[in-house]
Structure formats: C-alpha cells, structure tokens
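**Student:** One structure follows; several queries about it will come next.
In our numbering, the protein residues as written are 192 to 263.
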C-alpha cells in the first residue's frame, strides 16, 4: 500500500487511533535504527523525603537574602 492510499484512511481515524499509529511507526523506525526503546516503568523523582535537597535550598536562600532572612 502506498502512502497516498494510507493518508485518507489515517485522516478518518479517531484521535486515539492516530496516536497508536504514530507510536507504532516510531517504534518501527527505532527498531530499524537499532535503538532500544524504554519499556516498563520509568522512575519519576519526587521531592518526598528529599531532606538533603530542602537543606541545600534553604542554605542557598539564606546566603542570597543576607543576614535579615528569618531563621527557624
């Protein structure tokens, strides 16, 4: 099937199906290039329990605002 035949069919697809088509084509191209696609879960950073980051930010803000900054 040629692209000229596919375009009208793709145009008529619902939005979700268009996204699936794009995902499929992207995966196909990546495989042809030898790229490994990420699969499964991807870690997402969260500030929860990031005490070190909070301390670093607090220290930076105190240095930037000078001696008049409120201290706990």
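The beta carbon of each residue, even a glycine, is placed where N, CA and C say it ideally should be.
Three-state secondary structure (DSSP) at residue 235?
**Tutor:** Coil at residue 235, not helix or strand.
**Student:** How is the alpha helix (DSSP H) around residue 199 delimited, first residue to last?
**Tutor:** 194-203
**Student:** Counting along the chain, where does the alpha helix (DSSP H) carrying residue 207 start and finish?
**Tutor:** Where residue 207 is concerned, the enclosing alpha helix (DSSP H) stretches over 206-224.
**Student:** What is the DSSP secondary structure of residue 245, counted as helix, strand or coil?
**Tutor:** The answer is helix: DSSP assigns residue 245 an H, G or I state.
**Student:** Roughly how many angstroms lie between the CA atoms of residue 242 and residue 254, to the nearest whole one?
**Tutor:** 18 Å
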